[in-house]
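So the sequence shown is numbered by the working numbering: it starts at 727 and just counts up by one.
Below: one structure, written as structure tokens.
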Amino acid sequence: ITNDGFGAYVWDFIPLKIASGHDFIRFPHLTMSFRPQDCIAAVTIPNGISGGFRSRLKAAGLDGFIELMVSIQSRLSPVLRSSKGSRAIVYATQRHYKSQRSTPQIDGRLEADLRTCIRDNKSPVKYQPEWIESIYNVLIRKRSNIQCGVEARFSYACPIVQSPEAVDLFAETWKAVEPLISFALADA
């Protein structure tokens, strides 16, 4: 677990088996973060991913990307319902480093609750697919170091997060976000 200058939180990652013997930034990985306000289980798609991720995104088009996000939200719903105050986020972050060992400088970040791309009158989150569209456009038109992923954010007020079952909550999150991993590794 490291802080690496990211401020008041710590994080770590678990590489996928397919990444064994390779640089982890070439493959999706499972990330966990512990911030003062919440803890996060995420699937991270690094900037340096191998295998045509961006080309597949372009080929899928915006509708395909939204379909992928809706599928992930649907798979995450039971996990999120089990942990009060949790939510799923898709994000894209641009950053740069002054040197190899320096703290990353965040140049820009877009994030959206996955529910913004789903029409649901019962949801407190309103339908506004332009958020997901903005993230898609940043990813397919990138000219810089862009990392993306899907995060599940969990409140420390949740009894599960305060127990050993938090490990299962994170594992179930990562399994639910598997369609993103499969999409990213389609040609690997």
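We put the CB at the ideal spot given by N, CA and C, even for glycine.
Keep in mind that this is a model prediction, so the values were computed, not measured.
Helix, strand or coil, according to DSSP, for proline 804 in the structure here? helix
Is the beta carbon of isoleucine 858 sitting closer than 7 angstroms to the one on cysteine 843? yes
When the Cα of glycine 763 is compared with those of Tyr882, Lys901 and Ala892, which residue comes out closest? The sequence as given places glutamine at residue 763; glycine does not occur at that position. Out of Tyr882, Lys901 and Ala892, Tyr882 has the C-alpha closest to the C-alpha of glutamine 763.
DSSP three-state assignment for cysteine 874, whether helix, strand or coil: strand
Let me make sure I understand the geometry here. Which of Gly777, Lys824, Ala910 and Met795 has the alpha-carbon closest to that of isoleucine 815? Met795
Check each candidate in Asp846, Pro830 and Cys874 and name the one with the smallest Cα separation from alanine 838. Cys874
Going by beta carbon distance, what residues of the same chain come within less than 8 angstroms of aspartate 833, once the five residues before and after it are set aside? Gln820, Arg821, His822 and Ser870
In terms of DSSP beta bridges, what is isoleucine 832 paired with? Arg821
Threonine 770 versus Trp737, Ser781, Gly790 and Arg782, residue with shortest Cα-Cα distance: Trp737
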